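Our numbering puts the first residue of the sequence shown at 13, with every later residue one more than the last. Glycine is no exception: its CB is placed at the ideal position from the N, C-alpha and C atoms. Please read all numbers here as calculations on a predicted model, not as lab measurements.
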Amino acid sequence: GVKPVSLFVSGRRAPSRHRSEDLHRKGDDALLREIRALDGTAQAALDDEDIVRMFLPSLRADYKAIERYRSAPGATIGCPVVA
Numbered sequence: 013g014v015k016p017v018s019l020f021v022s023g024r025r026a027p028s029r030h031r032s033e034d035l036h037r038k039g040d041d042a043l044l045r046e047i048r049a050l051d052g053t054a055q056a057a058l059d060d061e062d063i064v065r066m067f068l069p070s071l072r073a074d075y076k077a078i079e080r081y082r083s084a085p086g087a088t089i090g091c092p093v094v095a
């Protein structure tokens, strides 16, 4: 398979840490409240129903991946990590 050249990471809990989040299963309003609370998305975009309808499925899928992924014990990354 294809091997990564490098991994760029951001601020989320490590995949090896237990978590019991289920935001990806909650309604659109709950997900949008979380996005608003993070304060990293332009208010104009969040106020536009067409834009929200366009990005909400991808955002929900991202949260599902974040919330459900579990790493294998002892798993390592064979490339540089950029934080």
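Given this structure, state the Cα-to-Cα distance separating Val94 from Gly23, to the nearest angstrom. 12 Å
Where Pro92 and Asp74 are concerned, what is the direct C-alpha to C-alpha distance, given to the nearest angstrom? 23 Å
Could you name the residues of the same chain whose beta carbon sits closer than 7 Å to that of Leu53, not counting the 5 residues immediately before and after it, in chain order? One point to set straight first is that residue 53 is Thr, not Leu, in the sequence displayed. So the qualifying residues of the chain are Ile47.
Does the beta-carbon distance from Leu19 to Ile63 come in below 9 Å? no
Leaving aside the five residues before and after Leu35 along the sequence, list all residues of the same chain whose C-beta is less than 8 Å from its C-beta, in chain order. Ala42, Leu43, Glu46, Tyr75, Glu79
Compute the Euclidean distance between the alpha carbons of Gly86 and Asp40, then round it to the nearest angstrom. 36 Å
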